[in-house]
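Novice:
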Amino acid sequence: MKVSAAFPSKWLKAEDVGDRTIPVTMADVRQEEVGDDFKMVLYVEGQTKGLVLNKTNANFIKGLYGDDTDDWIGERVQLYTTIVNFQGKSTNSIRVREAPAAKGKSKGKSNGFTEDNPPPIDEAPAWADELNDEIPL
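So in the working numbering the end of the sequence shown lands on 211, straight run, no missing numbers.
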C-alpha cells in the first residue's frame with residue numbers, strides 16, 4: 075500500500091503532474107484555508123483537486139490574464155513540474171506557463187503577434203551609433 079493512497083490530499087502535488095506538461099482550462103479561483111493560512115486556490119476543469127497558488131504562479135497568470143481572477147475563468151494554461159529551492163532543499167514544484175493558442179485564436183491579453191505574424195523588426199535608432207562596447211584597459 076502506498077502512503078499517498080492512505081492519506082489523499084485535496085491539493086494538486088508535483089507527483090500528480092509528474093514529468094508531463096498538462097494543458098488545463100481554469101474553472102475557479104478561491105481563497106481557502108490551507109494549513110494555518112488562507113491562500114488562493116486554482117481549480118481547473120476536469121480536476122477535483124485544487125492547485126494552491128504561490129506568488130510565482132499567481133503573478134504569472136496575472137501577467138497573462140490580468141489582476142482580476144474572474145477574468146482567468148475559461149482561459150488556458152499549462153501545468154508542469156520543475157525543481158525549486160524551498161527552505162534550503164531542492165524539491166519538485168508545480169509551475170504554470172502559457173498554453174499555446176488554438177489555431178486562429180489569440181491567447182489572453184495578446185498583442186496580436188503570432189508565429190505567422192511576427193512583430194516588425196525596427197531599424198536601430200540613430201543614437202545607437204554612439205554606443206561603444208569597447209572596455210578601456
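Note that CB positions come from ideal geometry on N, CA and C, so glycine has one too. Predicted, not measured: the structure shown is a model, and the values here were computed from it.
Report the option in E149, R171, A175 whose CA atom is closest to the CA atom of F134.
Specialist: Position 60 of the sequence shown, counted from the first residue, corresponds to residue 134. Of E149, R171, A175, the residue nearest in Cα terms is R171.
Novice: Assign N159 to one of two classes, buried (16 or more other C-beta atoms within 10 Å of its C-beta) or exposed (fewer than that).
Specialist: For the purposes of this step, residue 159 is identified with residue 85 of the sequence shown, where counting begins at 1. Exposed, by the Cβ-count rule.
Novice: Residue ranges of each beta strand (DSSP E) run of no fewer than 3 residues wholly in the region 75 to 130, ordered along the chain?
Specialist: 96 to 108, 111 to 118
Novice: Could you tell me the boundaries of the beta strand (DSSP E) in which T165 lies?
Specialist: Taking the sequence shown and counting its residues from 1, one reaches residue 165 at position 91. Here the beta strand (DSSP E) through T165 covers 163 to 172.
Novice: So, for R104: in the same chain, excluding its five sequence neighbours on each side, which residues have a beta-carbon less than 6 Å away from its beta-carbon?
Specialist: Position 30 of the sequence shown, counted from the first residue, corresponds to residue 104. V115, listed in sequence order.
Novice: Taking the C-alpha atoms as reference points, what is the distance between A101 and V108?
Specialist: If you number the sequence shown from 1, residue 101 lands on position 27. If you number the sequence shown from 1, residue 108 lands on position 34. Cα to Cα, A101 sits roughly 19 Å from V108.
Novice: Using three-state DSSP, classify I135 as helix, strand or coil.
Specialist: The sequence position of residue 135 within the sequence shown is 61, counting from 1. Here I135 carries a helix assignment [DSSP, helix/strand/coil].
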